[in-house]
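*Asks:* Chains A and B supply the protein sequences, listed in that same order. Under my numbering, the final residue of the first sequence carries the number 423; numbering is consecutive throughout. Under my numbering, the final residue of the second sequence carries the number 423; numbering is consecutive throughout. Here it is: the structure, laid out below.
Protein chains: 2
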Amino acid sequence: MQTPIPDIVVSRLPVYFQTLQTMQAEGQHTTSSKELGEKLGISAAQIRKDLSQFGEFGKQGTGYIISFLIDQLKTILNMDHSWDVAVIGAGNLGKAIAHYHGFAPQGFNIKLVFDTSPDLIGTNIGDLNILDIDELIPCIKKAGVKIAMLTVPDAAAQAVADELVKAGIEGILNYTSTPLNLPPRVVHLRHSDPVSQLQHMTYYIGKSK
Amino acid sequence: MQTPIPDIVVSRLPVYFQTLQTMQAEGQHTTSSKELGEKLGISAAQIRKDLSQFGEFGKQGTGYIISFLIDQLKTILNMDHSWDVAVIGAGNLGKAIAHYHGFAPQGFNIKLVFDTSPDLIGTNIGDLNILDIDELIPCIKKAGVKIAMLTVPDAAAQAVADELVKAGIEGILNYTSTPLNLPPRVVHLRHSDPVSQLQHMTYYIGKSK
Chain A
215 MQTPIPDIVV
225 SRLPVYFQTL
235 QTMQAEGQHT
245 TSSKELGEKL
255 GISAAQIRKD
265 LSQFGEFGKQ
275 GTGYIISFLI
285 DQLKTILNMD
295 HSWDVAVIGA
305 GNLGKAIAHY
315 HGFAPQGFNI
325 KLVFDTSPDL
335 IGTNIGDLNI
345 LDIDELIPCI
355 KKAGVKIAML
365 TVPDAAAQAV
375 ADELVKAGIE
385 GILNYTSTPL
395 NLPPRVVHLR
405 HSDPVSQLQH
415 MTYYIGKSK
Chain B
215 MQTPIPDIVV
225 SRLPVYFQTL
235 QTMQAEGQHT
245 TSSKELGEKL
255 GISAAQIRKD
265 LSQFGEFGKQ
275 GTGYIISFLI
285 DQLKTILNMD
295 HSWDVAVIGA
305 GNLGKAIAHY
315 HGFAPQGFNI
325 KLVFDTSPDL
335 IGTNIGDLNI
345 LDIDELIPCI
355 KKAGVKIAML
365 TVPDAAAQAV
375 ADELVKAGIE
385 GILNYTSTPL
395 NLPPRVVHLR
405 HSDPVSQLQH
415 MTYYIGKSK
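Structure (C-alpha cells):
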C-alpha cells in the first residue's frame, strides 16, 4: 500500500487546477513551476514537490504542458465526471449557494435543496424546488447524491449530518459553526465556518503587532 | 525567537474555542482532552499536544477548567477584543454574510459593505448602508478596519485585494475562486472558495470507491 499523500498537499491541488484552467482559457499552452509559483505566492520548489507525488508531469527546461497537466489533475481529483450536490438549508447562505454560477462549469450540479420552513418548501430557487427536510433520506438516496453542503442553523447541524450519513452522503461541506462528529471512514468533511476562519486570521494579525 | 506554531495547530484552536464556549453555555465547568476529542473526532493525545504548545492549561486527572481555557484561547487568538470587518461585494453571498447573526456574538462586527453597482450603492442591508467601492480606500482607512471578506466576481478579485492592501487591511477571507497574490508579511489570507473545497473532498471520495 502507498503512503497517503499529506492532506496539505491535496488541499493545494484544486488551486493548481483552477489556475491552470485560467491560463488555458487565456490561450496559454505551457507553463513552469516558476510561473505558477509567482501567480500563487508559493515557491516553485514546493509546486514541483507537490506534483511529483503524483507522477512525472513536466520536463526540466520545457516545463508543463497545460492541457496534459489539467487532464492529470482532473483524474487525480476525480473531476473527470460531474458530481451532484445537495444543499441543506435554504436560508440566506443556502440561497447564495444555489444561485452561485461557479459550480456548474467546474462539474458540480446543485440537484436538491432542502429546508424545514413551510413558507419555503415547494417554492423555487432558480429552477430548483425546495424540498421538505423530512424527505431528506429518500430523496437523496433516490437521486444518488454523494455530496452535501450544510447551511442549517448551528443547533440542528449534528442531527441533520447524522441523517445525511444514513442517506449515503460521502462528503459534507459544513458551513455551520458546529464541529460535526461523524464516522471518518464514511464521510469526508470540510469545515467552512467563517468565524473559525476569521479567528484563524486574528491569531496572526494580532501577533504581527 | 520561538519556533512558530504549525498553522495546522492554529487552525484547530478556533474549533476548540467554540466547542468550549458551547460546553460553558450548557453549564459545564470542566472537561478533559478525552471528552473534547470524542466531540470533535480528534484524538485526546492530539488535543493535549496542540494545547501544550501554548502552555500548561490542564492537570493530569482533573482535566481543564473550561472558563480558564476559554480565557487563554481568547488571548491566544486575539479575541480578547472585538474586530471590525468590511464586506466587499454585496451580491448574494455578501448579503448572506452581512445578515449572518453568528459574527457579533463572537466579536466580529460587520462595519462596512461595498459594491460597484449603482442600483445597490446607497441602499441598505439591515442597518448597513452599501458604499461605493470607489471610496474603498478612504472609508476603510477612516474606520480603521483591518479585516475584509471578499465576495466580488472572480475577475475583479486581485485588483480589489490590491486596493485592500493599500487601505491597510491585514486579513482577507477570500470567497472568490481567484488565488490572490499579495505580500505575505502584510496580509494574512484564508481562501474559502467552495469549488476548491468540494474538489478537495472529491479527491478522497473517489479514492474510497
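We treat Cβ as the ideally placed atom computed from N, Cα and C, and that holds for glycine.
1. My output table needs one value for residue 389 (chain A): the three-state DSSP class, helix, strand or coil.
2. Tell me which residue opens and which closes the beta strand (DSSP E) that residue 354 (chain B) is part of.
3. Counting contacts by CB-CB distance shorter than 7 Å, is residue 228 (chain A) in contact with chain B?
4. Could you tell me which chain A residues have their CB closer than 9 Å to the CB of residue 384 (chain B), listed as they occur along the chain?
5. Using a Cβ-Cβ cut-off of 6 Å (strictly less than) and excluding sequence neighbours within five positions of residue 268 (chain A), which residues of its own chain qualify?
6. Any Cβ of chain A within less than 7 Å of the Cβ of residue 374 (chain B)?
7. Which residue comes first and which comes last in the alpha helix (DSSP H) that contains residue 311 (chain B)?
8. Shorter than 7 Å from the beta carbon of residue 316 (chain B) to some beta carbon of chain E?
9. Within the chosen definition, does the stretch 330 to 350 of chain A reach the stretch 375 to 395 of chain B through at least 3 CB pairs nearer than 8 Å?
10. Would you mind telling me which residues of chain B sit closer than 8 Å to residue 362 (chain A), beta carbon to beta carbon, in chain order?
11. Considering only the beta carbon of each residue, do residue 335 (chain A) and residue 301 (chain A) sit closer than 7 Å?
12. Which residues, in order along the stretch 307 to 337 of chain A, keep a beta-carbon less than 8 Å from a beta-carbon of chain B?
13. For a minimum of 4 consecutive residues, which ranges assigned as the alpha helix (DSSP H) are wholly contained in the stretch 230 to 274 of chain B?
14. May I ask you to report which of helix, strand or coil DSSP gives residue 215 (chain A)?
15. Please determine, among B:317, B:321, B:327 and B:298, the residue with the shortest C-alpha to C-alpha distance to residue 309 (chain B).
16. Less than 7 Å between the beta carbons of residue 293 (chain A) and residue 321 (chain A), yes or no?
17. Closer than 7 Å, Cβ to Cβ, to anything on chain B: give me those residues from the stretch 236 to 260 of chain A, in chain order.
18. Which bits of chain A does residue 292 (chain B) rub up against, with CB to CB less than 8 Å?
19. Here's a check: name, in chain order, each residue in its chain whose Cβ is nearer than 7 Å to the Cβ of residue 224 (chain B), leaving out the five neighbours to either side.
20. Kindly list, in the order they appear in chain A, the residues whose Cβ is closer than 7 Å to that of residue 296 (chain B).
21. Where do the ends of the alpha helix (DSSP H) carrying residue 280 (chain A) lie?
22. Please return the same chain residues whose Cβ sits closer than 8 Å to the Cβ of residue 372 (chain A), not counting the five positions on each side in sequence.
23. If you follow the beta strand (DSSP E) that residue 301 (chain B) is in, where does it begin and where does it stop?
24. Write down the C-beta distance between residue 386 (chain B) and residue 364 (chain B) rounded to the nearest angstrom, noting that I regard them as a contact closer than 8 Å.
*Replies:* In this structure, then:
1. coil
2. Premise fails: residue 354 (chain B) lies in the alpha helix (DSSP H), 350 to 357, not in any beta strand (DSSP E).
3. yes
4. 415, 418, 419 and 422
5. 290
6. no
7. 306 to 313
8. The question asks about chain E, but that chain is absent: this structure's protein chains are A and B.
9. no
10. Result: empty, since nearest Cβ-Cβ is about 10 Å, beyond 8 Å.
11. no
12. 307, 309, 310, 311, 313, 314, 316, 317, 320 and 322
13. 247 to 254 and 258 to 266
14. Residue confidence for residue 215 (chain A) is low, a pLDDT of 48 falling below 50, so the modelled location carries little weight and cannot support an answer.
15. B:327
16. yes
17. 253, 254 and 255
18. 416, 417, 419, 420 and 421
19. none
20. What residue 296 (chain B) touches in chain A: nothing, since even the nearest Cβ is about 10 Å away.
21. 280 to 290
22. 392, 394 and 395
23. 297 to 302
24. 6 Å
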